[in-house]
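First up is the structure itself, then whatever we jot down about it.
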């Protein structure tokens, strides 16, 4: 009773080596891919799965990804090979500008109005009347900050807009105060939804510090199942 089962009773795959802390120490099958610059979540998952084929890990160091600068508050400080006049009001020129900066700067859409004042995406503009929204089902009036955030997130997938119409929102002041906003503000889009609802003079919160080295490292967890997430930080040490 309590005897240890011998390994010969199992037909297990060989254990994979631990993921190195820097991409320079990857094997020849993966080293040429890193540091990588994924354009979206699908491409990011592809790079993670490539690493999983060769290594065992629960996190991916930040050195495995191209380190982008935060987009400056002043658009004239953006370095591009072509000179642009701001705010950009031509859709084609706006898309060209986004392509020019996507590999060097980190940002979310829509950009602040000091950069672009037109629809720079291929999505239709959000109607001003809620009943005219056909691509998704929404319920108005919106009566809580949580629903406001969820609605903004859903609409962002299908429509281009700066903010949700105030006519769609009817949040009691007490509910607004009592809501735990810390559980809501996980993306810049969500923060914008709250700030635009409050109608502050400045519609955009600038999360980036003026000096990149002063910012906190990003941490994103990777779990084995059911869906891969990611952890990214600068002081990674292999187990």
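In our numbering, the protein residues as written are 8 to 246. Don't be surprised by glycine CBs; every beta carbon is placed ideally from N, CA and C. Only a predicted model underlies this, so the values are computations on that prediction, with no experimental measurement involved.
ask   = Does DSSP put residue 63 in a helix, a strand or coil?
value = Note: residue 63 maps to strand in three-state DSSP.
task = For residue 115, count neighbouring Cβ atoms within 10 angstroms of its own Cβ and tell me buried if that reaches 16, exposed if not.
result = Burial call: exposed.
Where residue 41 falls: helix, strand or coil (DSSP) = The answer is coil: DSSP assigns residue 41 none of H, G, I, E or B.
query = What residues in its chain sit with their C-beta under 8 Å from that of residue 220, if we drop five residues either side in the sequence?
reply = Low confidence applies here, because residue 220 scores a pLDDT of 41, under 50, leaving its location unreliable and the question unanswered by this model.
inquiry  = With H, G and I counted as helix, E and B as strand and the rest as coil, what does DSSP make of residue 108?
reply    = Of the three classes helix, strand and coil, the one that applies to residue 108 here is helix, per DSSP.
inquiry  = Do residue 166 and residue 142 count as a contact pair if the criterion is CB distance below 8 Å?
reply    = Between residue 142 and residue 166, the C-beta gap is smaller than 8 Å, which places the two residues in contact.
inquiry  = Please classify residue 25 as buried or exposed, where buried requires at least 16 neighbouring CB atoms within 10 angstroms.
reply    = Exposed, since its Cβ has fewer than 16 Cβ neighbours within 10 Å.
query = Nearest-angstrom Cα distance between residue 156 and residue 62?
reply = Their backbone Cα atoms lie some 37 Å apart in a straight line.
task = Give me the Cα-Cα distance between residue 67 and residue 122, rounded to the nearest whole angstrom.
result = The alpha-carbon of residue 67 is positioned some 33 Å away from that of residue 122.
ask   = Are residue 79 and residue 85 closer than 8 Å when you measure CB to CB?
value = Yes, the pair counts as a contact, with Cβ atoms nearer than the cut-off.
ask   = Using CA coordinates, which residue listed in 150, 71 and 87 is at the minimum distance from residue 44?
value = Relative to the Cα of residue 44, the nearest Cα in the group 150, 71 and 87 belongs to 71.
task = State the start and end residues of the unbroken alpha helix (DSSP H) segment that holds residue 128.
result = No alpha helix (DSSP H) contains residue 128, which DSSP labels as neither H nor E.
message = Going by beta-carbon coordinates alone, are residue 94 and residue 120 separated by less than 8 Å?
response = The criterion of a C-beta distance shorter than 8 Å is satisfied by residue 94 and residue 120.
query = In the DSSP assignment, what residue or residues form a beta bridge with residue 167?
reply = Looking at the DSSP assignment, residue 167 forms a beta bridge with 132.
message = Just to confirm my understanding: we take residue 53, look at its own chain, exclude 5 residues before and 5 after, and list those with CB closer than 8 Å. What are they?
response = Non-local beta-carbon contacts of residue 53 in its own chain, meaning distances under 8 Å to residues more than five positions away in sequence, involve 45 in chain order.
ask   = Looking only at DSSP bridge pairs, what is residue 6 linked to?
value = Only positions 8 to 246 of the chain appear in this structure, which leaves residue 6 out of reach.
query = Sorted by chain position, which residues of the same chain lie with C-beta nearer than 8 Å to residue 179's C-beta, five sequence neighbours on each side aside?
reply = These residues qualify, in order along the chain: 150.
ask   = Are the beta-carbon atoms of residue 89 and residue 112 separated by less than 8 Å?
value = Result no, Cβ atoms of residue 89 and residue 112 do not sit closer than 8 Å.
request  = With distances taken Cα to Cα, identify the nearest neighbour of residue 164 among 57, 128 and 82.
outcome  = Closest by alpha carbon: 128.
key: Beta-carbon spacing of residue 33, residue 57 below 8 Å   = Their beta carbons are not under 8 Å apart, which means residue 33 does not touch residue 57 by this criterion.
message = Residues in the same chain with beta-carbon distance under 7 Å from residue 175, minus the five sequence neighbours each way, listed in chain order, please.
response = Here residue 175 has 137, 147, 148 and 149 as same chain residues with Cβ atoms under 7 Å from its own Cβ, once five neighbours each way along the sequence are excluded.
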